[in-house]
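**Q**
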Amino acid sequence: MDNDCAFEDDTSDVEYDEKADPDILQFVQSLSRCTVATTFGLSFEFENLMFQPKKCSKPILSGVTGEIKSGTLWGVMGASGAGKSTFINVLMGSQSHTYGITKVTGSPGAISKYKKIIGYVPQDDVVLPELTIQSHVDILLKCLDLFHVKDSLVGSTAAPVVSGGERKRVSIGIELAAAPMALFLDEPTSGLDSTSASSIIMILKALSRLGITVVTIIHQPRHEIFEALDSILLLGKGQALYSGSQEDVQPYFEQCGFTFPKYHGNRADVIMDIIAGHGSIYKTSGETSVSSLTEYWNNRQANLKKVQSSPVEAAALHKTVQMRGAPWHRQMYFCLCRSLLQQYHRKSSFYFEISVAALTGLLIGLAEVSEDGINFRGIFQHPYELLSSSTDFASIPEMSLLVGLSVGLTASSPGVKIFGGEKLIYLREASSGHNRFAYYIGKVLSTFPRMLLANFHFTVFFILLATPKISWGAAFIANLLYFYCIYGLASYVSMITRREDGPLIATMASLVVGIISGVSPTLRVVTGWHVV
Numbered sequence: 019m020d021n022d023c024a025f026e027d028d029t030s031d032v033e034y035d036e037k038a039d040p041d042i043l044q045f046v047q048s049l050s051r052c053t054v055a056t057t058f059g060l061s062f063e064f065e066n067l068m069f070q071p072k073k074c075s076k077p078i079l080s081g082v083t084g085e086i087k088s089g090t091l092w093g094v095m096g097a098s099g100a101g102k103s104t105f106i107n108v109l110m111g112s113q114s115h116t117y118g119i120t121k122v123t124g125s126p127g128a129i130s131k132y133k134k135i136i137g138y139v140p141q142d143d144v145v146l147p148e149l150t151i152q153s154h155v156d157i158l159l160k161c162l163d164l165f166h167v168k169d170s171l172v173g174s175t176a177a178p179v180v181s182g183g184e185r186k187r188v189s190i191g192i193e194l195a196a197a198p199m200a201l202f203l204d205e206p207t208s209g210l211d212s213t214s215a216s217s218i219i220m221i222l223k224a225l226s227r228l229g230i231t232v233v234t235i236i237h238q239p240r241h242e243i244f245e246a247l248d249s250i251l252l253l254g255k256g257q258a259l260y261s262g263s264q265e266d267v268q269p270y271f272e273q274c275g276f277t278f279p280k281y282h283g284n285r286a287d288v289i290m291d292i293i294a295g296h297g298s299i300y301k302t303s304g305e306t307s308v309s310s311l312t313e314y315w316n317n318r319q320a321n322l323k324k325v326q327s328s329p330v331e332a333a334a335l336h337k338t339v340q341m342r343g344a345p346w347h348r349q350m351y352f353c354l355c356r357s358l359l360q361q362y363h364r365k366s367s368f369y370f371e372i373s374v375a376a377l378t379g380l381l382i383g384l385a386e387v388s389e390d391g392i393n394f395r396g397i398f399q400h401p402y403e404l405l406s407s408s409t410d411f412a413s414i415p416e417m418s419l420l421v422g423l424s425v426g427l428t429a430s431s432p433g434v435k436i437f438g439g440e441k442l443i444y445l446r447e448a449s450s451g452h453n454r455f456a457y458y459i460g461k462v463l464s465t466f467p468r469m470l471l472a473n474f475h476f477t478v479f480f481i482l483l484a485t486p487k488i489s490w491g492a493a494f495i496a497n498l499l500y501f502y503c504i505y506g507l508a509s510y511v512s513m514i515t516r517r518e519d520g521p522l523i524a525t526m527a528s529l530v531v532g533i534i535s536g537v538s539p540t541l542r543v544v545t546g547w548h549v550v
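Each residue of the sequence shown is one higher than the one before, starting from 19 at the first, in the working numbering.
(1) Is it right to say residue 185 is buried, meaning 16 or more other beta carbons lie within 10 angstroms of its own, or is it exposed?
(2) What's the call for residue 281, buried or exposed, on a 16-neighbour Cβ count within 10 Å?
(3) I think residue 198 touches residue 136, with their Cβ atoms under 8 Å apart; what is that distance to the nearest whole Å?
(4) Taking Cβ to Cβ, would you say residue 138 is nearer than 8 Å to residue 95?
(5) Quick one: grab the DSSP three-state call for residue 28.
(6) Can you give me the C-alpha to C-alpha distance between residue 375 and residue 499, rounded to a whole angstrom?
(7) Since I believe residue 202 is in contact with residue 106 (beta carbons under 8 Å), could you give me their beta-carbon distance rounded to a whole number of angstroms?
(8) Taking contact to mean at least 3 C-beta pairs separated by less than 8 Å, is the region 210-228 in contact with the region 66-77?
(9) I'd like the span of the beta strand (DSSP E) that includes residue 234, first residue to last.
(10) According to DSSP, which residues form a beta bridge with residue 200?
(11) In the structure shown, what three-state DSSP assignment does residue 441 receive?
(12) When you compare the CB positions of residue 385 and residue 428, do they come within less than 8 Å of one another, or not?
(13) Span of the alpha helix (DSSP H) holding residue 242?
(14) Can you give me the Cβ contacts of residue 508 inside the same chain, cut-off strictly under 6 Å, excluding the 5 residues immediately before and after it?
(15) Okay, do the region 535-547 and the region 443-457 touch, 3+ Cβ pairs below 8 Å being the bar?
(16) Please list the terminal residues of the continuous beta strand (DSSP E) segment that includes residue 121.
(17) From residue 464 to residue 248, what distance separates their C-alpha atoms?
(18) Taking only three categories from DSSP, how would you classify residue 15?
(19) For the region 76-92 against the region 247-261, are there 3 or more C-beta pairs whose distance is under 8 Å?
(20) Count the CB pairs spanning the region 274-292 and the region 122-135 that are closer than 8 Å, and state whether there are at least three.
(21) Reducing DSSP to helix, strand and coil, say where residue 281 ends up.
(22) Which residues in the same chain have their Cβ closer than 8 Å to the Cβ of residue 543, if we skip the five residues on either side of it in sequence?
(23) In its own chain, which residues sit with a C-beta less than 6 Å from the C-beta of residue 113, not counting the 5 before and 5 after it?
(24) The alpha helix (DSSP H) with residue 386 in it runs from where to where?
(25) What residues are listed by DSSP as bridge partners for residue 128?
(26) Counting only runs that start and end within the region 54-85, where is the beta strand (DSSP E) found for 3 or more residues in a row?
(27) Can you tell me where the beta strand (DSSP E) with residue 307 in it begins and where it stops?
(28) For residue 520, which option in 229, 438, 238 has the closest C-alpha, if you only look at C-alpha atoms?
(29) Return the Cβ separation of residue 246 and residue 91 in integer angstroms, given the expectation that the two are a contact with Cβ distance under 8 Å.
(30) Excluding the five sequence neighbours on either side, which residues of its own chain have a C-beta within less than 7 Å of the C-beta of residue 549, listed in chain order?
(31) Is it right to say residue 154 is buried, meaning 16 or more other beta carbons lie within 10 angstroms of its own, or is it exposed?
(32) Considering only the beta carbon of each residue, do residue 231 and residue 258 sit closer than 8 Å?
(33) Using 8 Å as the threshold, is the C-beta distance between residue 300 and residue 276 below it?
(34) By the 10 Å Cβ neighbour count, where 16 or more other Cβ atoms means buried, how is residue 62 classified, buried or exposed?
(35) Looking at the structure shown, is residue 258 part of a helix, part of a strand, or coil, going by DSSP?
(36) Which value, in whole angstroms, describes the spacing of the CA atoms of residue 449 and residue 356?
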């Protein structure tokens, strides 16, 4: 299928001309209408950022100072463990025990206050695998080169449906759909081939040229990716080694005594070697350690005159933040519709749950069918006591215990899926300013159809075979309430346990709740244990 986005798949040179792409231009123009400010992108300033957890004797990040200009593609580079992701989290206000000064468009304050107008794309693609690409980002398909796979399920990393590059574009598109004025990305090219990585960066480059401020972590970039960056921050052992224009980074290190080989096609590789502490091969004499590079940069920073910035459109920016976000009841409705759509794409799981409920009701009914519905035998009233048969006061409580255990085993595992598989989705949306209560209510309401149908099949088979002395309606309501309780218990378990352990722990929890329901052992017996 033809695509309006100008991509070239040549691995040697990938270029992206945003002026030739009317889709991206039209998209950014629509984003600009979502803001009150006259300037679309955000600028950021940070001074002496530091992060030191309570139990650490040394800070993980310290003394990082710099500036991110509006409408630029700003990269963060460093060796593994240099503190790149930590820096992004500290800058965005996602970490506690942090210190330093941050400004947004010249106004002092935490960047987390502006989370409604700032998008964040994590390193792992946090998307809903049961939804199609079109369900995730409907208006960005052409811009992100996803139109040809718009009806494909996203899939998970364990069971992929689309390629890694396409999953990454979906993840980026989810944030762009919220009309952000700035976009932060944690290694968007990680795990991608060179062509896919370049296409991602060129999309980000086009967005930055049209006004969106893009901040991204880059690890071991190829030549085209490095050249696309406007400015970079180089980190080493949690400290800044350089912050400024990408074009000036080579002259800076040459001033430090390093030589860039002419035969080396990618100067980013040379820079990565230097900031990792392996720059001795590019310097004949002198220190090449990370600590010496840090000291040299700090001395250079001290000699530079700081340019005082003035707040730009602070009131308009604050008004834009207040305007963003739908009312909580609309967010709840969207969460409900999305969850129902997920269940629609997981029809096999839904049918299996209903079948298990029906089979459980059938088996419990068969276990009680020999009683012919006579589950209670008492003593006749005076004067007919002598005509009474043997009493049976235990059958009804035991049948209730059996039903409770069966419902617990039937509903515990499905209940784990409500929240257990979407922890990262929840955290991503909550960090973007979505209403947590709306998300919770929407997910809970979406489980009602499953509970109603599962309980219906369970109750029908049980009533038909066991024929207890209770109306069908009363049994249906009683069982439904217990289904709801077990779903709630399983949901709670899924929130505090690992995803792999959730179903087993929820099943055990439902057994414990069923056994201590008061039938056997009774409350009097349990009280004698002096445990409760």
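By construction, the Cβ of each residue, glycine as well, lies at the ideal position given by its N, Cα and C atoms. On a predicted model such as this, the values are computed, not experimentally measured, just so you know.
**A** Inspection of the coordinates gives the following:
(1) One-based indexing of the sequence shown puts residue 185 at position 167. Label assigned to residue 185: buried.
(2) Your numbering for residue 281 matches position 263 in the sequence shown. Label assigned to residue 281: exposed.
(3) Walking along the sequence shown from the start, residue 198 turns up at place 180. Walking along the sequence shown from the start, residue 136 turns up at place 118. Indeed they touch by this definition, with Cβ atoms about 6 Å apart.
(4) Along the sequence shown, read from residue 1 onward, the residue named residue 138 stands at position 120. Along the sequence shown, read from residue 1 onward, the residue named residue 95 stands at position 77. No, these two residues do not count as a Cβ contact at 8 Å.
(5) In the sequence shown, counting from the first residue as 1, residue 28 sits at position 10. In this prediction, residue 28 has a pLDDT of 38, which is less than 50 and means its spatial position is unreliable; nothing more can be read from the coordinates.
(6) Taking the first residue of the sequence shown as position 1, residue 375 is located at position 357. Taking the first residue of the sequence shown as position 1, residue 499 is located at position 481. Each residue's Cα considered, the two are about 15 Å apart.
(7) By one-based count along the sequence shown, residue 106 stands at place 88. By one-based count along the sequence shown, residue 202 stands at place 184. Rounded, the Cβ-Cβ distance is 6 Å, consistent with contact.
(8) no
(9) In the sequence shown, residue 234 corresponds to position 216, counting from 1. Segment 231-235, the beta strand (DSSP E) holding residue 234.
(10) On the sequence shown, position 182 is the one that residue 200 refers to. DSSP output for residue 200 lists 136, 231 as bridge partner(s).
(11) Residue mapping note: residue 441 aligns to position 423 of the sequence shown, counting from 1. DSSP places residue 441 in helix when its eight states are reduced to three.
(12) Your numbering for residue 385 matches position 367 in the sequence shown. Your numbering for residue 428 matches position 410 in the sequence shown. No, Cβ-Cβ distance for residue 385 and residue 428 is not below 8 Å.
(13) Working through the sequence shown from its first residue, we reach residue 242 at position 224. Taken as a continuous stretch (DSSP letters only), the alpha helix (DSSP H) holding residue 242 covers 241-246.
(14) Numbered from its first residue, the sequence shown carries residue 508 at position 490. Taken in chain order, the residues that qualify are 430, 433, 434, 524.
(15) no
(16) The residue labelled residue 121 in the question sits at position 103 within the sequence shown. Residues 116-122.
(17) Reading the sequence shown from its first residue, position 446 is the one you call residue 464. Reading the sequence shown from its first residue, position 230 is the one you call residue 248. Each residue's alpha carbon lies about 46 Å from the other.
(18) Residue 15 lies beyond the residue range present for the chain, which begins at 19 and ends at 550; the question has no answer from this structure.
(19) yes
(20) no
(21) What you label residue 281 is simply residue 263 of the sequence shown in a count that begins at 1. Correct three-state label for residue 281: coil.
(22) Position 525 of the sequence shown, counted from the first residue, corresponds to residue 543. The answer is none, since no qualifying residue turns up.
(23) Within the sequence shown, numbered from 1, the residue matching residue 113 stands at position 95. 69, 107.
(24) For the purposes of this step, residue 386 is identified with residue 368 of the sequence shown, where counting begins at 1. From DSSP, the alpha helix (DSSP H) with residue 386 extends over 365-386.
(25) The residue labelled residue 128 in the question sits at position 110 within the sequence shown. Paired residues: none, contrary to the question.
(26) 62-69
(27) On the sequence shown, position 289 is the one that residue 307 refers to. Premise fails: residue 307 is in no beta strand (DSSP E) and is neither H nor E.
(28) The residue labelled residue 520 in the question sits at position 502 within the sequence shown. Checked all of 229, 438, 238; the closest Cα to residue 520 is 438.
(29) In the sequence shown, counting from the first residue as 1, residue 246 sits at position 228. In the sequence shown, counting from the first residue as 1, residue 91 sits at position 73. Rounded, the Cβ-Cβ distance is 6 Å, consistent with contact.
(30) For the purposes of this step, residue 549 is taken as residue 531 along the sequence shown, with counting starting at 1. Here the set comprises nothing.
(31) Sequence index remark: in the sequence shown, residue 154 carries index 136 (1-based). For residue 154, the predicted structure reports a pLDDT of 46, less than 50, and the residue's modelled location is therefore unreliable. The matter cannot be settled from this model.
(32) Within the sequence shown, the letter at position 213 stands for residue 231. Within the sequence shown, the letter at position 240 stands for residue 258. Against a cut-off of 8 Å, the Cβ pair of residue 258 and residue 231 comes out as no contact.
(33) One-based indexing of the sequence shown puts residue 300 at position 282. One-based indexing of the sequence shown puts residue 276 at position 258. It is a contact, given that the beta carbons lie within the stated cut-off.
(34) Position 44 of the sequence shown holds residue 62. So residue 62 counts as buried.
(35) The sequence position of residue 258 within the sequence shown is 240, counting from 1. If DSSP states are grouped into helix, strand and coil, residue 258 belongs with the strands.
(36) To locate residue 449, count along the sequence shown from 1; it is residue 431. To locate residue 356, count along the sequence shown from 1; it is residue 338. Using only the alpha carbons, I get a separation of about 19 Å.
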